[in-house]
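Right, one structure below, let's go through it.
There are 2 protein chains.
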Amino acid sequence: VVNWFSRRKKRVDAPRLRPRTDDSSSTRVDFVDLTPDALSFLGQSAYVQLTIFENLSSAIASAPTTDAKERLSRAASLSLTKHLGLAGEIERLRKVPSTIMEPYAAAIDDFQRITLGADWFENVMTCLITAGMLDEFFARLAEGLPASTGRRVAEVYAGESGEELVAAELRRAIDANPRLAARLALWGRRLVGDTMLVARGALAKGHNIANDEARIEPVFSELIASHTRRMDSLGLTA
Amino acid sequence: VVNWFSRRKKRVDAPRLRPRTDDSSSTRVDFVDLTPDALSFLGQSAYVQLTIFENLSSAIASAPTTDAKERLSRAASLSLTKHLGLAGEIERLRKVPSTIMEPYAAAIDDFQRITLGADWFENVMTCLITAGMLDEFFARLAEGLPASTGRRVAEVYAGESGEELVAAELRRAIDANPRLAARLALWGRRLVGDTMLVARGALAKGHNIANDEARIEPVFSELIASHTRRMDSLGLTA
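Structure follows, in structure tokens:
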């Protein structure tokens, strides 16, 4: 696994104001200090989920078999349910979902564009990797939301996931054509950096960058660990 | 309204074996004689619904505003729910949905290709017109299915529809740019013929073509009447 945080780690080490033990014991709790206000959270997470749904939909439209179309449509449905759940939370706060999502649309559209694969297999890979990481990230970040919103958002993310359906599609493709493996492994690795940037962009900015980094790092390490497991489950090296 | 059946009417008139009164009083009941077996019905209706969903999804991906994206995603979700309901009926009959849909995929894919519009507005129009007509057609045809399957399929089609959401999108577009009206009216008219062919292709073949036509005609006239109302609601001439 590439260490995405080596540069940032150094920055954390420099202005050490609290003892290391304090940092490491409190980081998991502290991470939620970086949760933005509820509407920022919901605007971003809802638009990300809409993007995941769009990517799955376009993979359905270009699926090589009716079989794959059918399975991916179930995954798309689960993703759309998540999106509508998050949009529903925006409405509970008496706001219009599109208005709240709008400020984040351009950056997430860019993310969608740069994570567009060269063919169907890469696009399915994009669906698996970006949705896997970002759903885990937003679920984690939701722990810092106000209680009732946070509880319902947690339920949205705890709902049935299409991840296994999408992963099964890729395993099937790799079995049928083992030469795909190397290309998909490479693509999977490329997706991590861009996905991490979207996650990072969703965090509230703290006053002390060094403290922020100390809070972010353990969570991002967990995301990377999950990513590695996801790649392993396809027989690919992360 | 163009009369799509003028040619067929003549054929019906020729070999009149039953008195006209018989034909006209019994046609509404007789139409269900043309309902194919449950699996043929489900294979076609489920695949058509998947296609409607795909068209909506591609309209979401290319929507000009976040607002439009959001509204269309609700319509797409409703369409996907219908698809999954129909696929679920295939599974109840202990068959694999993709296997049952497969024989109809090529023809419906062709339909999708020829009903692809020149731009986003035409594509949204395609979603409105083809889904409107085909949902009404399959709901009507479902009356001839075996009782328990028929009842559940009727529930699928009676479920919430995204039609008004899609129509509202088009009304908004026409309000903003009245010059769109003429082009969308023309496109709406073009879609009818191709959509009718898909409907016609889903019917079981009877032994007596003349009788079949007499059964089909009143139902297709109803579809055309609904189409006219749909166009009216956009301020367009059918």
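Just so you know, the protein sequences line up as chains A and B, in that order.
If you count by the working numbering, then the first sequence holds residues 11 to 248, one letter each, in order.
If you count by the working numbering, then the second sequence holds residues 11 to 248, one letter each, in order.
Where is the CB? At the ideal position from N, CA and C, for every residue including glycine.
Not a single C-beta of chain B is nearer than 7 Å to the C-beta of L151 of chain A. The shortest C-alpha to C-alpha distance from S72 of chain B to any of B:G98, B:E132 and B:L90 is the one to B:E132.
In this structure Q122 of chain B does not touch L96 of chain B by the C-beta definition: roughly 17 Å separates them, more than the 8 Å allowed. Contact between A177 of chain B and L138 of chain B holds: their C-beta atoms lie close to 6 Å from each other, under 8 Å. Where F121 of chain A is concerned, the enclosing alpha helix (DSSP H) starts and stops at P107 to I124. By the C-beta criterion, the segment 80–100 of chain A is judged to be in contact with the segment 60–70 of chain A, since at least 3 inter-stretch pairs fall below 8 Å.
Of the candidates A:L126, A:S55, A:V134 and A:W130, A:S55 places its Cα closest to the Cα of G98 of chain A.
Among the residues facing chain A, S87 of chain B is included, as its CB has a counterpart in that chain under 7 Å away. Runs of alpha helix (DSSP H) with 4 or more residues, each lying fully within the segment 155–219 of chain A, are found at 157–168, 173–186 and 190–211, listed in chain order. In the DSSP assignment, D77 of chain A falls within the alpha helix (DSSP H) that extends over T76 to R102. Scanning its chain for C-beta atoms nearer than 8 Å, with the 5 sequence neighbours on each side dropped, one finds around I118 of chain A the residues Q54, Y57, V58, T61 and V208, in chain order. Those residues of the segment 93–120 of chain B placed with their C-beta closer than 7 Å to a C-beta in chain A are H93, L94, A97, P107, S108, M111, E112 and A115, ordered along the chain. A141 of chain B does not reach chain A, its nearest Cβ partner there being about 16 Å away, counting only Cβ pairs nearer than 7 Å. For the pair of segments examined, the segment 98–117 of chain B was found not to touch the segment 189–202 of chain B: the number of CB pairs separated by less than 8 Å stays below three. Put simply, the backbone Cα of R84 of chain A is about 36 Å away from that of D185 of chain B. Taking a contact as a CB-CB distance under 8 Å, the pair A212 of chain B and L151 of chain B counts as one, their CB atoms being some 7 Å apart.
Distance between S243 of chain B and A116 of chain A, taken at the CA atoms: about 34 Å.
In this structure, E64 of chain A sits away from T76 of chain B, with a CB-CB distance that is not shorter than 7 Å.
The three-state secondary structure of S243 of chain A, taken from DSSP, is coil. Between I124 of chain A and D222 of chain A, the C-beta gap is not smaller than 7 Å, which leaves the two residues out of contact. Under the Cβ distance rule, L90 of chain A counts among the residues neighbouring chain B, one pair being separated by less than 7 Å. If you check each beta-carbon in the segment 56–71 of chain A against every beta-carbon of chain B, the ones closer than 8 Å belong to Y57, L60, F63, E64, S67, S68, I70 and A71.
If you ignore the 5 residues before and after M241 of chain B, its C-beta comes within less than 6 Å of the C-beta of G198 and A248, all in its own chain and listed in chain order. Between S158 of chain A and L90 of chain B, the C-beta spacing is not below 7 Å. Distance check between L180 of chain B and each of B:P74, B:D47, B:L233 and B:A214 places B:P74 closest, using alpha-carbon atoms only.
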